[in-house]
Every structure is written in structure tokens, then in C-alpha cells.
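If you count the sequence shown from 1, you need to add 139 to reach my numbering. Beneath this line is the structure, given in C-alpha cells, with notes to follow.
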Amino acid sequence: MEVTRCAWVGLDPIYQEYHDKVWGQPVYDSRELFEKLCLDGQQAGLSWITILKKQQNYEAAFANFEPKIIATFDDAKVEQLMLNPGIVRNRLKVNSIIKNAKAYLAYTEQGNDFSKFLWEFVGGSPKVNHFESMQQVPAQTPESEAMSKALKKMGFNFVGPTICYAFMQAVGMVNDHTTDCFCRD
């Protein structure tokens, strides 16, 4: 049986699986949100499928995105990562994950809840949009601009408003499945 998906999905089975089972599903776990935010930052200038296909490599290279371990990565570890063909070998992007881990720890070690902080940008629950086509979906919103500004102030990077909006879509803070998509509801 043929199903209708959001137009960006295409025919790649990896993309279809991601769309059908991951994209837009609300995520509330702080560590998982940290991982997804870092991975979205790796996408900058690339297609998401590039990162999606490398996700397991990223998990292996970055200690399953455990911030306490990543924060200890030194220059020698960065050089080792720069030789890893399983990830995007961009020094700024590699260093951004380390920087983001340190920012995450600085925030959470003060007793703050990273998940609650992020979800507050949409009022604590998913914002449901009613876009009929992908052309109607914005690249960024006032909420993603505010999230970007707040994250940068905390010391995160590769978290511009467009990356933040893609992140918000991916973790279900906004439901941007188009109205004809079978995942909509």
C-alpha cells in the first residue's frame, strides 16, 4: 500500500524510516536532546541524509554523546577524530561538539534541566502547524531565533536559528508533517 509522506523524504529507505519513526516524535530526554542538537549542527551546509547515514559513526566517535566524556576530549583526540572517515571531518564541527558538551555540563551541573529549558521555547508541548506543502514551512521562526540566541549565550555553537528550527522539527517541538502526510496525527 502506498503511503503519502512529507515531500522532503523521497525514496531512500533510510530517510523513510527516519521520517516514519523518528522525525517529529517528541523527545524529552536531556541527553538525547543534546545529541540531536549536536547532530543537527553537523548538518550545516550539508544534507541531513549525509549525517543520518553517519549517525552510528558519530555515536561511536563521540562516546554515545555522553557530555562528561566528550568534555574531556583534548587536542590529541581532535586530531584522531579528524582522521575518522565515518564522520564529517571539519575541525570547527568536531570542536563544536566538544564545546557544546562543556556548555551542556556547565548548565546542567547548576541543577538546570536542559530538556525543560529547550521545551520552554514552544511553551512545554509540541506546537502543531498546518502546512499543506513544504514550501509553506519556514526555515526559522521567532522561537528558533530565541533558542539560538539563548544557546549561543550559554556557550553552544553551530546552533543558528535555521539549525535550531530543524532541531525543533526533528525532536517534535513543532509538528511540521504536512497535512497530507500519514504521520501527521
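Ideal Cβ positions, reconstructed from N, Cα and C, are used throughout, including at glycine.
Can you tell me whether DSSP reads V142 as helix, strand or coil? coil
Run the proximity test for V261: is its beta-carbon closer than 7 Å to any non-hydrogen atom belonging to the ligand NAD? Ligands displayed in this structure: none; no statement on the ligand NAD is therefore possible.
Please report the distance separating the alpha-carbon of Y197 from that of A245. 23 Å
Using a Cβ-Cβ cutoff of less than 8 Å, which residues in the same chain neighbour D252 once the five nearest sequence positions on both sides are dropped? S169
Which residue from S272, Y243, G250, T301 puts its Cα closest to that of K181? The residue asked about is misnamed: residue 181 is Gln in this sequence, not Lys. The shortest C-alpha separation from Q181 is found at T301.
For C322, the first and last residue of its enclosing alpha helix (DSSP H): Per DSSP, C322 belongs to no alpha helix (DSSP H) and is neither H nor E.
Span separating the alpha-carbon of Y304 from that of D214: 31 Å
Let me know the secondary structure DSSP gives V233 once reduced to three states. helix
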